[in-house]
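A.B. asks:
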Amino acid sequence: MSHPIAVILGPTAVGKTDIAIKLAKKINGEIISADSMQAYKGMTIISRRPRPAERKGIPHHLLGFLEPSCEYSAALFSKMAAFRIKKIIKKGKIPIITGGSGLYARALIDGIFPSKGKSEKIRKRLAGLAAKNGNLFLYGMLQKIDPLSAEKIHPNDMRRVIRALEIYELEKKTKTSLGEKTKGIKDEYEIKIFGLNMTRDALYERINKRTDCMFQEGAVKEVKRLLGKKLSITARKAIGITQIEGYLKQRYDTEKAKELLKRDTRRFAKRQLTWFRADKRIRWLDIGKMGEKRVLDIMASRLTGM
RNA sequence: GGGGAGAUGGCGGAGCAGUCAAACGCACCAGACUGUAAAUCUGGCGACUUCGGUCUGCGUAGGUGCGAAUCCUACUCUCCCCA
């Protein structure tokens, strides 16, 4: 028999955290965060990581455990999360995975192909080639090596072109051939994926409010502290850092920083929605229309069959 | 009261007679995505469209000219300087 696992996805600010905690109470679950930024220490405010008091006694995993100087990745997340899932199930509880990092969630659910990781050296060299000979030059290289993945990548998407080339150098196999043999938790457990959503207007409204809130809570101070430390490439990308950095460097005032933060968060939410929409397994629940209670009831009944 | 500058699509802002439905940026919409993913990249963005085009458009009203967002006249409004 396979154990049920809940996955709650959705754009930033829809209220995933809150629902996850309530669901955990209802069905005796523990929460695993699939969030690339809430994982970092010292990033409480800008990542809106739930504070211990807000967790209502529900155990949360993979929150605030990583030093900002360290890099996080879909692979690391999925390895750690898979391990936590086993432990939670052993305790007789239901794992609830929630977060907005779509790639991380997918890596866990569907698996991520084994890879030696990355090589800054290779990346640098390839990026240099692109700078010198143009994007199309690198893209041409990829077309020769791995035409199938080249077809899926836009010639200007250097990040991906470089990664695909890097994979080939590192593994001596193409990304395409590696991608075929992945195994995720979907092959072991009974996964129920839920998507939380609301009207775009309502979501944007929440994002705006939340951003104002972040400033009241001391986002500027937090970013100042973070900037004083060494930040990994991944940690540095958290929304809030560059926007507030501009204010700290007196390039603009705090109102402008807020505006930028709101804008970039809205854009992020939109991208998340695009990503999640592509996954047809997601059962979408409109929290604005249905209300919290119904959403929770539906989730619980799908998980426990009650 | 006198002198000067300007009014462009949701906003900012180019264009200064034809190749202009009008650069670029922003906002917004849509999409792609497997080790940087809160990242990276792509497309759309006046209206209508049988996707070939068609129509309406650059403050308002006229005029010149084969042709105007671009030139002329009047008007309206805005800004700046001197009183």
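One point on numbering: in our numbering, the residue at position 274 of the first sequence is 278, and numbering is uninterrupted. Every residue, glycine too, gets a C-beta built ideally from N, C-alpha and C. Everything numeric in this text was worked out from a predicted model, so none of it was measured.
1) Count the other CB atoms, across all protein chains shown, that sit within 10 Å of the CB of residue 237; report buried if there are 16 or more and exposed otherwise.
2) Please tell me whether residue 273 and residue 211 are closer than 8 Å, where the distance is taken between their beta carbons.
3) Taking the straight line between their C-alpha atoms, what separation do you get for residue 250 and residue 256?
4) Note down the Cα distance separating residue 89 from residue 26, rounded to an integer number of angstroms.
5) Is it buried or exposed for residue 186, if we count other Cβ within 10 angstroms and need 16 for buried?
6) Hey, could you find the ends of the alpha helix (DSSP H) residue 299 is sitting in?
7) Using alpha carbons as the reference points, say which of 252, 215 and 219 lies closest to residue 231.
8) Would you mind giving the Cβ-Cβ distance between residue 199 and residue 275, rounded to the nearest angstrom? I have them listed as a contact below 8 Å.
9) Look at the alpha carbon of residue 23 and the alpha carbon of residue 178, and state the distance between them as a whole number of angstroms.
10) Can you give me the Cβ contacts of residue 221 inside the same chain, cut-off strictly under 7 Å, excluding the 5 residues immediately before and after it?
11) Should the stretch 163-175 be regarded as contacting the stretch 94-104, the criterion being three or more beta carbon pairs within less than 8 Å?
12) On the DSSP bridge list, what partners appear for residue 100?
13) Would you say residue 18 and residue 207 are within 8 Å of each other, going by their C-beta atoms?
14) Quick one, are the C-beta atoms of residue 101 and residue 109 less than 8 Å apart?
15) So, for residue 227: in the same chain, excluding its five sequence neighbours on each side, which residues have a beta-carbon less than 8 Å away from its beta-carbon?
16) I need the DSSP call for residue 321, collapsed to helix, strand or coil.
17) Return the CA-CA distance between residue 157 and residue 45, expressed in angstroms with no decimal places.
18) Pop quiz: residue 78 and residue 116 are said to be a contact at Cβ under 8 Å. What is the actual Cβ separation, rounded to whole angstroms?
19) Within this structure, are the beta carbons of residue 289 and residue 8 separated by less than 8 Å?
20) One question on the structure: do residue 107 and residue 84 come within less than 8 Å of each other, judged by their Cβ atoms?
21) Below 6 Å CB to CB, which residues in the same chain sit around residue 54 once its five sequence neighbours on both sides are set aside?
22) Which ranges does the beta strand (DSSP E) cover as unbroken runs of at least 3 residues, wholly within the stretch 45-84, from first to last along the chain?
23) Going by DSSP, what residues sit across from residue 196 in a beta bridge?
24) Starting from residue 148, follow the alpha helix (DSSP H) in both directions and report where the run begins and ends.
25) Buried or exposed: residue 278, going by 16 or more other Cβ atoms within 10 Å of its Cβ?
C.D. replies: Reading it off the structure:
1) On the first sequence, position 233 is the one that residue 237 refers to. Its Cβ having fewer than 16 others within 10 Å, residue 237 is exposed.
2) Numbered from 1 along the first sequence, position 269 holds the residue referred to as residue 273. Numbered from 1 along the first sequence, position 207 holds the residue referred to as residue 211. Cβ distance < 8 Å, so residue 273 and residue 211 count as in contact.
3) Looking up residue 250 in the first sequence gives position 246. Looking up residue 256 in the first sequence gives position 252. Distance between the alpha carbons of residue 250 and residue 256: 6 Å.
4) Translated into the one-based positions of the first sequence, residue 89 becomes position 85. Translated into the one-based positions of the first sequence, residue 26 becomes position 22. Taking the straight line joining both Cα atoms gives about 19 Å.
5) Within the first sequence, numbered from 1, the residue matching residue 186 stands at position 182. Residue 186 is exposed by the Cβ-count criterion.
6) One-based indexing of the first sequence puts residue 299 at position 295. Where residue 299 is concerned, the enclosing alpha helix (DSSP H) stretches over 291-308.
7) In the first sequence, the residue the question calls residue 231 occupies position 227. Considering only alpha carbons, the answer is 252.
8) Here residue 199 corresponds to residue number 195 of the first sequence, with the count starting at 1. Here residue 275 corresponds to residue number 271 of the first sequence, with the count starting at 1. The Cβ separation is near 15 Å, so there is no contact.
9) Against the first sequence, residue 23 aligns to sequence position 19. Against the first sequence, residue 178 aligns to sequence position 174. Roughly 41 Å separates the two Cα atoms.
10) By one-based count along the first sequence, residue 221 stands at place 217. Closer than 7 Å at Cβ, skipping near neighbours: 49.
11) no
12) As a working mapping, residue 100 is identified with position 96 in the first sequence. DSSP, once it has assigned bridges, lists 10 and 35 as partnering residue 100.
13) Stepping through the first sequence from its first residue, residue 18 is reached at position 14. Stepping through the first sequence from its first residue, residue 207 is reached at position 203. A contact, by the Cβ cut-off of 8 Å.
14) In the first sequence, the residue the question calls residue 101 occupies position 97. In the first sequence, the residue the question calls residue 109 occupies position 105. Closer than 8 Å, so yes.
15) Position 223 of the first sequence holds residue 227. For residue 227, where only same-chain residues beyond five positions count, the Cβ hits under 8 Å are 50, 244, 245, 248, 249 and 252.
16) Nothing can be reported for residue 321: it is not among the residues displayed for the chain, which extend from 5 to 310.
17) Taking the first residue of the first sequence as 1, we reach residue 157 at position 153. Taking the first residue of the first sequence as 1, we reach residue 45 at position 41. Roughly 34 Å separates the two Cα atoms.
18) Along the first sequence, read from residue 1 onward, the residue named residue 78 stands at position 74. Along the first sequence, read from residue 1 onward, the residue named residue 116 stands at position 112. Correct: roughly 6 Å between the Cβ atoms.
19) By one-based count along the first sequence, residue 289 stands at place 285. By one-based count along the first sequence, residue 8 stands at place 4. No. Outside cutoff.
20) To locate residue 107, count along the first sequence from 1; it is residue 103. To locate residue 84, count along the first sequence from 1; it is residue 80. Contact flag unset, no.
21) As a working note, residue 54 is residue 50 in the first sequence. Excluding sequence neighbours, residue 54 sits near 21.
22) none
23) Here residue 196 corresponds to residue number 192 of the first sequence, with the count starting at 1. 10.
24) What you label residue 148 is simply residue 144 of the first sequence in a count that begins at 1. Counting along the chain, the alpha helix (DSSP H) containing residue 148 begins and ends at 139-149.
25) Here residue 278 corresponds to residue number 274 of the first sequence, with the count starting at 1. Exposed, because fewer than 16 other Cβ atoms sit within 10 Å of the Cβ of residue 278.
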